[in-house]
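Numbering (the UniProt record's numbering), first residue to last: 1 to 407.
Every residue, glycine too, gets a C-beta built ideally from N, C-alpha and C.
Written below as structure tokens is the structure these notes are about.
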């Protein structure tokens, strides 16, 4: 349903500005939901269809995406307000991404880094964005996950994103560090602690029903849950000696969109959803992406993928005439490994949601609250044979690296 303020006149004024046509006339507007229930917990997406006439008499039929926050009475509304996710994304589309795109164009990197913003309305906390579907952008299958070709396209995109942010930080010191210093695991914020601890309890509940896994890892997991947020925060911490940039912050299958050639091969990738962009180490994006989105045979090539991203990032920085510090590949791999605890959280807690195919109600509160309905949903996440196989695979690795021990 349209908000009452979203009139034909409002849209007409916006389109006149976007198309630089003061005579543009909106003829008809209608809308329908752009996402299904459970596909987007952070906001409400509406696809707006507009028929309009240009000054030269040309008729246009276009669609756009209206992006709003969740209703004030939604259970997650206070959580997202605490992390200021909506104002952060408005600033990304209004200020940061256009500056980063301009930086990349200086070195003839002309791929789109963002959907065009038709309107960024800070008063109403909404955006109207170009609809990427008519440009033939689409999501890959979140359940089947990504092969090596899809994966490397994302790593190249992230390298350009990270490089452009590094250059922007040099040109406008404190813009990014000041406004993007909070993340899921910020110590001064508490909202996501309930979410992650609730999800980790569900993970422990599954492991408890696997006698061999429980005998080996049960005590360590019970110790870990009491330190979960601090260990994760340490993984995101950076010091002046660390390589630092703005990260996407929520880079997984559903938050990247691909274009394909006539043979079905992906040719281009575009990131979307920047509510959790933050200033930290670039490998935080890699851990999140690897732990949520890759096919098993691709994730097994993790060190190679870190190397691939590193060289892509280095080439992009060199093309942008960056003269600052770039770590060696050896140092970069070590910096990636020091953030391995993120895999404990993300792979075991987030991924089961991201590939969920069950029938339980995917309301946000059911992800982590211990109500009967919530527990049914959480337990059903671990019925997936693929998730069970991945848990059996990742727990010995994390344990052998010491990430289940006190640290």
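Keeping to the same chain, check which residues put their C-beta closer than 6 Å to that of residue i; ignore five residues upstream and five downstream.
i, result
"residue 395", "217"
"residue 150", "140 and 266"
"residue 38", "Because residue 38 carries a pLDDT of 48, less than 50, the predicted location of this residue cannot be relied on, and the following value inherits that uncertainty. For residue 38, where only same-chain residues beyond five positions count, the Cβ hits under 6 Å are 362."
"residue 429", "A question about residue 429 goes unanswered here, because the residues of the chain that appear run from 1 up to 407."
"residue 259", "136, 137, 267 and 268"
"residue 183", "236 and 278"
"residue 148", "298"
How would you call residue i, buried or exposed, if buried means at least 16 neighbouring beta carbons within 10 angstroms?
i, result
"residue 288", "buried"
"residue 371", "exposed"
"residue 67", "buried"
"residue 43", "buried"
"residue 212", "exposed"
"residue 352", "buried"
"residue 190", "exposed"
"residue 389", "exposed"
"residue 131", "buried"
"residue 72", "exposed"
"residue 397", "exposed"
"residue 202", "buried"
"residue 102", "exposed"
"residue 27", "exposed"
When the distance is taken between beta carbons, is residue j closer than 7 Å to residue i?
i, j, result
"residue 31", "residue 48", "yes"
"residue 92", "residue 276", "no"
"residue 55", "residue 23", "yes"
"residue 142", "residue 254", "yes"
"residue 404", "residue 159", "no"
"residue 293", "residue 79", "no"
"residue 85", "residue 77", "no"
"residue 319", "residue 165", "no"
"residue 419", "residue 291", "With the chain running from 1 to 407 in the structure shown, residue 419 is simply not present."
"residue 349", "residue 200", "yes"
Tell me which residue opens and which closes the beta strand (DSSP E) that residue i is part of.
i, result
"residue 52", "43 to 53"
"residue 66", "59 to 69"
"residue 408", "With the chain covering only 1 through 407, there is no way to say anything about residue 408."
Using a Cβ-Cβ cut-off of 8 Å (strictly less than) and excluding sequence neighbours within five positions of residue i, which residues of its own chain qualify?
i, result
"residue 361", "373 and 377"
"residue 327", "243 and 335"
"residue 19", "54"
What is the DSSP secondary structure of residue i, counted as helix, strand or coil?
i, result
"residue 198", "helix"
"residue 154", "helix"
"residue 32", "strand"
"residue 342", "helix"
"residue 114", "coil"
"residue 130", "strand"
"residue 78", "helix"
"residue 182", "coil"
I need the boundaries of the alpha helix (DSSP H) containing residue i, first residue and last residue.
i, result
"residue 296", "296 to 299"
"residue 278", "Premise fails: residue 278 lies in the beta strand (DSSP E), 278 to 280, not in any alpha helix (DSSP H)."
"residue 92", "No alpha helix (DSSP H) contains residue 92, which DSSP labels as neither H nor E."
"residue 224", "211 to 225"
"residue 283", "283 to 293"
"residue 378", "372 to 381"
"residue 316", "302 to 319"
Which same chain residues, not among the five before or five after residue i, have their C-beta less than 7 Å away from its C-beta?
i, result
"residue 58", "none"
"residue 339", "235, 281, 283, 284 and 287"
"residue 99", "168"
"residue 401", "340"
"residue 119", "14, 127 and 128"
"residue 83", "182, 189 and 191"
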